[in-house]
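Residue numbering for the sequence shown follows the numbering used here, starting at 1 and increasing by one per position.
Working notes, beginning with the structure itself.
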Amino acid sequence: MFKTFHASNANSVWHKIATEFTGGNTSAQISRAGDTQEILHAAISISNPRERWVVSKTPSINPALAIAEVIWIMNGRNDSSFLNYFCSILPRFAGKGRTYHGAYGYRLRRQFGIDQLDRAYNALKHKPESRQVVLQIWDGRLDLPRVKGKVMAADIPCNLISMLKVRSGKLEWTQILRSNDVFRGLPYNFVQFTTMQEIVAGWLGLEIGSYNQISDSLHVYDENMSDIKRSSYVVAARNTDFLCLSKGQSRKVFLEMAEMTDKLVGSRINVQQLSALLRAFRGPQAYRNMMAVLCAEVARRHKETGAMWELIGNCTNQIYAQLFRGWVLATAKSLKK
């Protein structure tokens with residue numbers, strides 16, 4: 001039987017899920033990464049997926065990591081250094097190689113010899129009534145456990161498939177996950193796939209419909225349960241940015257974002273170069289706001305506090321400023337421990 005969660009935005013639905021876990025309505029379940037509390041067969045629905053940011057989680061999510069993941073996915077990349085810069089503990093969970101085995105963007109745009117996003121766009125452009133547009137991430141050849149259950153890699157994808165449908169002039173999106181960590185994964189999953197939904201809707205000239213997710217194992221690790229219990233509802237600032245572009249414009253913008261991010265993470269860049277890179281960015285303001293968050297995070301890591309706040313001040317979208325303030329506070333607290 002499905003346990004269902006619905007809200008108009010990601011922040012509210014995440015808080016509902018967290019509250020369910022604190023209420024004891026879960027089952028103990030062991031796993032290779034540690035004991036968990038689990039809800040089996042969860043269905044999650046967000047009616048306004050543009051409001052994709054979770055601010056009620058304690059400690060705060062890392063907005064720069066979430067944005068970097070979107071850039072990484074849209075460019076079909078699997079190189080680990082791109083993400084590791086923004087999340088130094090990621091190799092602990094996903095492995096220490098030069099590439100990530102289960103990289104979503106690489107799986108969607110390169111793994112199977114076709115660009116699945118491109119095929120989905122073309123199919124829905126010519127036959128919007130199609131029920132056959134399914135994006136595949138899971139690869140049984142590489143991901144199914146070996147004999148006696150031995151895992152194939154540290155980074156086995158949790159997201160399996162995406163199903164896209166056009167209804168009443170809107171792009172509906174259903175995401176299916178085999179395993180879903182409420183604390184570490186779910187807020188980022190919302191950002192990844194609702195952003196892709198908005199981008200593909202833009203390619204098609206459609207409005208964005210609802211986002212629906214089936215998490216077959218929705219869980220919290222016991223070591224994170226105290227943080228889940230500390231999390232309380234915080235009102236999220238409204239997302240004022242729209243990401244819809246034509247397919248050609250979108251490709252150019254994401255290539256520029258990837259090139260700029262490579263410069264940010266590739267060497268010890270100074271404050272003047274950070275500001276110059278952001279000024280030189282040619283993409284629309286909505287995407288410039290995303291890059292402002294990345295630049296501010298680089299300044300934070302270089303302990304350039306004044307430049308950090310100046311760079312985030314270039315961002316006109318208050319949800320990013322709210323998220324970044326929370327992230328700065330969370331990292332400051334962790335350093336004091």
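Beta carbons are placed, not taken as given, at the ideal position from N, Cα and C, and that holds for glycine.
Residue ranges of uninterrupted beta strand (DSSP E) with 3 or more members, entirely inside the region 188–229 and ordered along the chain, are 207–221. In the DSSP annotation of this structure, the continuous segment of the alpha helix (DSSP H) that includes Arg301 starts and ends at 285–301. Closest in alpha carbon position to His6, among Asn212, Ala280, Cys315, Gln272, is Asn212.
Where Ala237 is concerned, there is no enclosing alpha helix (DSSP H), because DSSP gives it neither an H nor an E. Asp115 and Thr99 do not touch by the CB rule: their CB atoms are close to 18 Å apart, not below 8 Å. In terms of Cβ geometry, Ser12 and Ser47 do not form a close pair [threshold 7 Å]. In this structure Asp181 is in contact with Tyr221, their Cβ atoms being roughly 7 Å apart against a cut-off of 8 Å. Secondary structure of Val182 (DSSP, three-state): coil. Under DSSP, no beta-bridge partner is assigned to His41. Per DSSP, the beta bridge partners of Phe5 are Ile44.
Burial check for Thr194: the Cβ neighbour count within 10 Å reaches 16 or more, so the residue is buried. Three or more Cβ pairs closer than 8 Å define a contact, and the region 233–241 falls short of that threshold against the region 273–280. Beta-bridge annotation (DSSP): Thr99 is paired with Asp79. In this structure, His219 sits away from Thr331, with a CB-CB distance that is not shorter than 7 Å. Between the alpha carbons of Trp53 and Arg184 lies a gap of roughly 14 Å. Across the structure, Leu171 and Ala123 are spaced so that their CA atoms are roughly 13 Å apart.
When the beta-carbon positions are compared, Pro63 and Leu323 come within less than 7 Å of each other. Cβ atoms of Ser231 and Ala18 come within 8 Å of each other, at about 5 Å. Residue state for Gln132 is assigned as coil, using DSSP reduced to three classes.
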